[in-house]
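Novice: Residue numbers (numbering that gives the first Met the number 0), protein chains in the order written: chain A, 0 to 196; chain B, 0 to 87; chain C, 0 to 239. We treat Cβ as the ideally placed atom computed from N, Cα and C, and that holds for glycine.
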Amino acid sequence: MGIVTRGFGGRRPDPGRPLPPGQFLTQDFPVLSAGPTPDVEVDRWELVVTTEHGHVRRWSWGELMATPAEDVVTDIHCVTRWSKHDTRWRGVSVDVLLGDVETTGEFVLVHSYGGYTTNLPLADLLDGQAWIAFEYEGEPLEPVHGGPARLLVPHLYFWKSAKWVRGFEIHDVDEPGFWETYGYHGYGDPWLEQRYA
Amino acid sequence: MATHDPAALDGNALAGQLAFLGSPDVTSLVLRCATCGRTDVVARVRAYVTAMGSVARCVACDAVLVVAVEQPGGTLVAMPGASWVARS
Amino acid sequence: MSASSQWHVATVVDAPRITRTARAVTLSVPGFSGALAGQHVDLRLTAADGYQAVRSYSLTAVGADERVDVLVDRVPGGEVSTYLVDDLRVGDQMEVRGPLGGYFVWRPDDAGAVLLVAGGSGLAPLLAMLRARRKIGSTAPFRLVYSVRTPDDVFFPDELDGGASDVEVALVFTRTTPARWPRPAARLGKDDLVAPGFDAADGPTVFVCGSTGFVETVAGLVTELGHDPARVRTERFGGA
Ligand SMILES: Cc1cc2nc3c(=O)[nH]c(=O)nc-3n(C[C@H](O)[C@H](O)[C@H](O)COP(=O)(O)OP(=O)(O)OC[C@H]3O[C@@H](n4cnc5c(N)ncnc54)[C@H](O)[C@@H]3O)c2cc1C
Ligand SMILES: [Zn+2]
Numbered sequence: 000m001g002i003v004t005r006g007f008g009g010r011r012p013d014p015g016r017p018l019p020p021g022q023f024l025t026q027d028f029p030v031l032s033a034g035p036t037p038d039v040e041v042d043r044w045e046l047v048v049t050t051e052h053g054h055v056r057r058w059s060w061g062e063l064m065a066t067p068a069e070d071v072v073t074d075i076h077c078v079t080r081w082s083k084h085d086t087r088w089r090g091v092s093v094d095v096l097l098g099d100v101e102t103t104g105e106f107v108l109v110h111s112y113g114g115y116t117t118n119l120p121l122a123d124l125l126d127g128q129a130w131i132a133f134e135y136e137g138e139p140l141e142p143v144h145g146g147p148a149r150l151l152v153p154h155l156y157f158w159k160s161a162k163w164v165r166g167f168e169i170h171d172v173d174e175p176g177f178w179e180t181y182g183y184h185g186y187g188d189p190w191l192e193q194r195y196a
Numbered sequence: 000m001a002t003h004d005p006a007a008l009d010g011n012a013l014a015g016q017l018a019f020l021g022s023p024d025v026t027s028l029v030l031r032c033a034t035c036g037r038t039d040v041v042a043r044v045r046a047y048v049t050a051m052g053s054v055a056r057c058v059a060c061d062a063v064l065v066v067a068v069e070q071p072g073g074t075l076v077a078m079p080g081a082s083w084v085a086r087s
Numbered sequence: 000m001s002a003s004s005q006w007h008v009a010t011v012v013d014a015p016r017i018t019r020t021a022r023a024v025t026l027s028v029p030g031f032s033g034a035l036a037g038q039h040v041d042l043r044l045t046a047a048d049g050y051q052a053v054r055s056y057s058l059t060a061v062g063a064d065e066r067v068d069v070l071v072d073r074v075p076g077g078e079v080s081t082y083l084v085d086d087l088r089v090g091d092q093m094e095v096r097g098p099l100g101g102y103f104v105w106r107p108d109d110a111g112a113v114l115l116v117a118g119g120s121g122l123a124p125l126l127a128m129l130r131a132r133r134k135i136g137s138t139a140p141f142r143l144v145y146s147v148r149t150p151d152d153v154f155f156p157d158e159l160d161g162g163a164s165d166v167e168v169a170l171v172f173t174r175t176t177p178a179r180w181p182r183p184a185a186r187l188g189k190d191d192l193v194a195p196g197f198d199a200a201d202g203p204t205v206f207v208c209g210s211t212g213f214v215e216t217v218a219g220l221v222t223e224l225g226h227d228p229a230r231v232r233t234e235r236f237g238g239a
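(1) With 8 Å as the threshold, decide whether the Cβ of GLN92 (chain C) is near any Cβ in chain A.
(2) Examine the Cβ distances between the region 144 to 157 of chain A and the region 99 to 108 of chain A and report whether three or more of them are shorter than 8 Å.
(3) Nearest chain A C-beta to VAL67 (chain C) closer than 8 Å, yes or no?
(4) Please give me, in chain order, every unbroken run of the beta strand (DSSP E) with length at least 3 that falls completely inside the region 71 to 159 of chain A.
(5) Under the rule that 16 or more other beta-carbon atoms within 10 Å means buried, what is GLN26 (chain A), buried or exposed?
(6) Would you grab the beta carbon distance between ARG56 (chain A) and HIS110 (chain A) for me? Rounded to a whole angstrom, and I think it's under 8 Å.
(7) Identify which residue in A:ALA196, A:TRP190, A:GLU168, A:ARG194 has its Cα closest to the Cα of LEU46 (chain A).
(8) If we count the other Cβ atoms within 10 Å of its Cβ and call it buried at 16 or more, is SER87 (chain B) buried or exposed?
(9) Using beta carbons (cut-off 8 Å, strictly below), is ALA6 (chain B) in contact with chain A?
(10) In whole angstroms, what is the alpha-carbon distance linking PHE155 (chain C) and ALA47 (chain C)?
(11) On a CA-only basis, which of C:LEU115, C:TRP6, C:ALA218 is nearest PHE31 (chain C)? Give me that one, please.
(12) Does any residue of chain B have a CB that is nearer than 8 Å to the CB of SER3 (chain C)?
(13) In the structure shown, what three-state DSSP assignment does VAL171 (chain C) receive?
(14) Under 9 Å Cβ-Cβ, which residues of chain D neighbour PHE103 (chain C)?
(15) Run down chain A in chain order and give the residues with a C-beta less than 8 Å from the C-beta of ALA77 (chain B).
(16) If you draw a straight line from the C-alpha of GLY15 (chain A) to the C-alpha of LYS162 (chain A), how long is it?
(17) So does THR45 (chain C) have its beta carbon nearer than 7 Å to some heavy atom of ligand 1?
(18) Between GLU234 (chain C) and chain B, is any beta-carbon pair separated by less than 8 Å?
(19) Is the CB of PHE23 (chain A) under 8 Å away from at least one CB in chain C?
(20) Beta-carbon within less than 8 Å of CYS32 (chain B)'s beta-carbon, same chain only, minus the 5 sequence neighbours each way: which residues are those?
(21) Mind checking MET0 (chain C): buried by the 16 CB within 10 Å criterion, or exposed?
(22) Given a threshold of 16 other Cβ atoms within 10 Å of its Cβ, counted over all protein chains shown, does THR45 (chain C) qualify as buried or as exposed?
(23) Below 8 Å, how does it come out for the region 178 to 185 of chain A and the region 8 to 26 of chain B: are there three or more Cβ pairs, yes or no?
(24) Starting from the C-beta of ARG19 (chain C), find all residues in its chain whose C-beta is less than 7 Å away, skip the five residues before and the five after it, and write them out in chain order.
(25) Give me the chain A residues within the contact set of THR45 (chain C), using Cβ-Cβ distance strictly less than 9 Å, ordered along the chain.
(26) Between which two residues does the beta strand (DSSP E) containing ARG45 (chain B) stretch?
(27) Do we get a CB-CB distance below 8 Å when we pair LEU14 (chain B) with the residues of chain C?
(28) Let me see if you follow: with CB-CB separation under 8 Å, is THR211 (chain C) close to chain B or not?
(29) May I have all residues whose beta carbon comes closer than 6 Å to any heavy atom of ligand 2, sorted in chain order?
(30) Using three-state DSSP, classify VAL205 (chain C) as helix, strand or coil.
(31) Leaving out five residues on either side along the sequence, give the residues of the same chain with a beta carbon under 7 Å from the beta carbon of PRO20 (chain A).
(32) Does ALA50 (chain B) have its Cβ less than 8 Å from a Cβ in chain A?
(33) Note down, in chain order, every chain C residue with its Cβ under 7 Å from the Cβ of ASP27 (chain A).
(34) Can you tell me the Cα-Cα spacing of GLY90 (chain A) and PHE23 (chain A), whole angstroms?
(35) Any heavy atom of ligand 1 closer than 7 Å to the beta-carbon of ARG242 (chain C)?
(36) With distance defined between alpha-carbon atoms, name the residue in A:TYR115, A:GLY114, A:ASP94, A:TYR135 nearest to GLN128 (chain A).
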């Protein structure tokens, strides 16, 4: 290896339990901003699910709030190498939101307010693996962290957990999202270290 | 639109990641936004530098003009929202 | 590949603390040359386990090849700045890419008036301009408006002392002032940016540097004062 900067990174906390390869534990919640933080008001917020046949199902903020929510405690792993243990969220399971949507499509392109997109298999949004999260550590989710609501898919690298989520487009084919277009992995399993395509 | 945006830098901050493109000073190249037509030097666009990659956006309409990703295997630069780049 | 796109090995040769929160770091960098006042470098730090982080720092002096001078102010909780300010030692190594950026620069052959506006560590590239001007004996009119929280936060006070040069330096204290200071502690406002020879009608080049919040505020003020936006050059360091 080349140059090592003595002492740099030396203050990292001990993870105590296994982390995905190449990850380091952090106590902070770093913000990764690829654009301005959109100002999304909840009375204009909606989540739009579009199927491969063009069928549309909309959820307003009021409807989301009227849907039973769950408390979720999970580890999160950012592709920029930080991981955070035992983060506490509250949100609505994506199973509930997609329960009555008729589709045979296998892939989802997630859209956000502000224009961000990310892709993942539909199966990874189901079976208790993903939520529309609107609380973090007992407080309403802050705009810089994706508030009013973000996708939470903690078993994949955190860029898949789109901030400011506004919709799911279900497709028969996998279409790359924003970072995936520029070389990041189409799936992004942290335990397999799928950072780049 | 964002009311406060502490993450925003000037396009000048991208000089290091774009240096490999080889022009004597990449940030003095002129870009045209394909969305709104604004034309200005790279140094004056709005830049977001993150550990995943850097994104340059149009100051007028927020369109993504340049994306640069440095990976172990090399650097990738895309100009998804620019209609052209010129050296003046 | 141009030299500025390559990573050069850098060794710390000097790193004095200059305020409670900041250090001036000098690196010896074989292969580094040709910097202009206002340019920056990218520093790459590599931990023993291979983890890397890259951050930009402005050059505070130019003209000596193979040598990089920067000034690092600690951002609370910041990953790289806390290391550089609190842990770095002479002899430590890192990598440097640069010199970088040909836009936020002052060129010695420019005889026009220059208004420099710095917030905190935003002084760094403007210091390089002041030093370059002095070194070549330029008579271009320069004025520095420098906003800091308290008297203890002023970087290089002796060097900036108005009596020591022909550059007018206006210190703006935002929290506490020295005793009997004529201007009460307050955020930088339009009045602080007005001075004969450096007003919009005089058409100075305006360089504004500091945190993103500071730069946005000042850029707004100078535009309201009628300065031509094309003559206003900004360098945002990030942060509110
Ligand atoms: C072109 C350019 C030149 C720069 N020159 C200098 C320089 O000469 N001296 C210098 O000290 N810094 C300079 N910076 C800022 C520097 O690159 C780092 O951003 C800064 O040191 C913080 O890094 P960090 O790793 O400690 O913080 P990080 O861990 O990266 O960030 C921690 C948090 O602090 C915020 N933050 C980042 N910078 C600032 C800031 N300046 N003020 C307040 N909050 C901030 C971030 O938004 C983030 O939320 C420059 C930046 C750019 C783009
Ligand atoms: Zn535009």
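Specialist: From the atom records:
(1) The beta-carbon of GLN92 (chain C) is placed less than 8 Å from the nearest beta-carbon of chain A.
(2) Touching, no.
(3) Not one chain A Cβ lies under 8 Å of VAL67 (chain C).
(4) Whole beta strand (DSSP E) segments, 3+ residues: 81 to 92, 106 to 111, 116 to 120, 130 to 135, 149 to 151.
(5) Exposed, since its Cβ has fewer than 16 Cβ neighbours within 10 Å.
(6) Contact between ARG56 (chain A) and HIS110 (chain A) is absent: CB atoms are separated by about 14 Å, not below the 8 Å threshold.
(7) Nearest option by C-alpha distance: A:GLU168.
(8) So SER87 (chain B) counts as exposed.
(9) Residue-level contact check: ALA6 (chain B) touches chain A, since one or more beta carbons of chain A fall below 8 Å from its beta carbon.
(10) Cα to Cα, the separation comes out at about 34 Å.
(11) For the residues C:LEU115, C:TRP6, C:ALA218, the minimum Cα distance to PHE31 (chain C) belongs to C:TRP6.
(12) Judged by the 8 Å Cβ criterion, SER3 (chain C) is in contact with chain B.
(13) The answer is strand: DSSP assigns VAL171 (chain C) an E or B state.
(14) The chain labelled as chain D is not found among the protein chains of the depicted structure, namely A, B and C.
(15) Simply THR180, TYR181.
(16) In a straight line, the C-alpha of GLY15 (chain A) is about 29 Å away from that of LYS162 (chain A).
(17) No, since every heavy atom of ligand 1 falls outside the 7 Å radius drawn around the Cβ of THR45 (chain C).
(18) It does: the Cβ of GLU234 (chain C) has a partner Cβ on chain B nearer than 8 Å.
(19) So yes, PHE23 (chain A) belongs to the interface.
(20) So the qualifying residues of the chain are THR38, CYS57, ALA59, CYS60, ALA62, LEU64, GLY80, ALA81, SER82.
(21) Any answer about MET0 (chain C) is weak, because its pLDDT of 47 lies below 50 and its placement is not dependable; what the coordinates show is given next. Under this definition MET0 (chain C) is an exposed residue.
(22) THR45 (chain C) should be labelled buried.
(23) Between the region 178 to 185 of chain A and the region 8 to 26 of chain B, the count of Cβ pairs shorter than 8 Å is below three; the stretches do not touch.
(24) The answer, listed in chain order, is ASP151.
(25) What THR45 (chain C) touches in chain A, judged by beta-carbon distance under 9 Å, is MET0, GLY1, ILE2, VAL3, THR4, PHE7, GLY8, going in chain order.
(26) Here the beta strand (DSSP E) through ARG45 (chain B) covers 45 to 48.
(27) The residue asked about is misnamed: residue 14 (chain B) is Ala in this sequence, not Leu. True, the Cβ-Cβ gap to chain C drops below 8 Å.
(28) Answer yes: the Cβ-Cβ gap between THR211 (chain C) and chain B drops below 8 Å somewhere.
(29) Summarising the contact set, residues whose Cβ lies nearer than 6 Å to any heavy atom of ligand 2 are, in chain order, B:CYS32, B:THR34, B:CYS35, B:ARG37, B:CYS57, B:ALA59, B:CYS60, B:ALA62.
(30) Look at VAL205 (chain C) here: in three-state DSSP terms it is strand.
(31) Answer for PRO20 (chain A): GLU192, listed in chain order.
(32) Interface annotation, ALA50 (chain B): in contact with chain A, CB-CB separation under 8 Å.
(33) Among the residues of chain C, those whose CB is under 7 Å from the CB of ASP27 (chain A) are GLY76, following chain order.
(34) The alpha-carbon separation between GLY90 (chain A) and PHE23 (chain A) amounts to approximately 26 Å.
(35) This structure does not reach residue 242 (chain C), given that chain C is present from 0 up to 239, and the question cannot be answered.
(36) Nearest of A:TYR115, A:GLY114, A:ASP94, A:TYR135 to GLN128 (chain A), Cα basis: A:ASP94.
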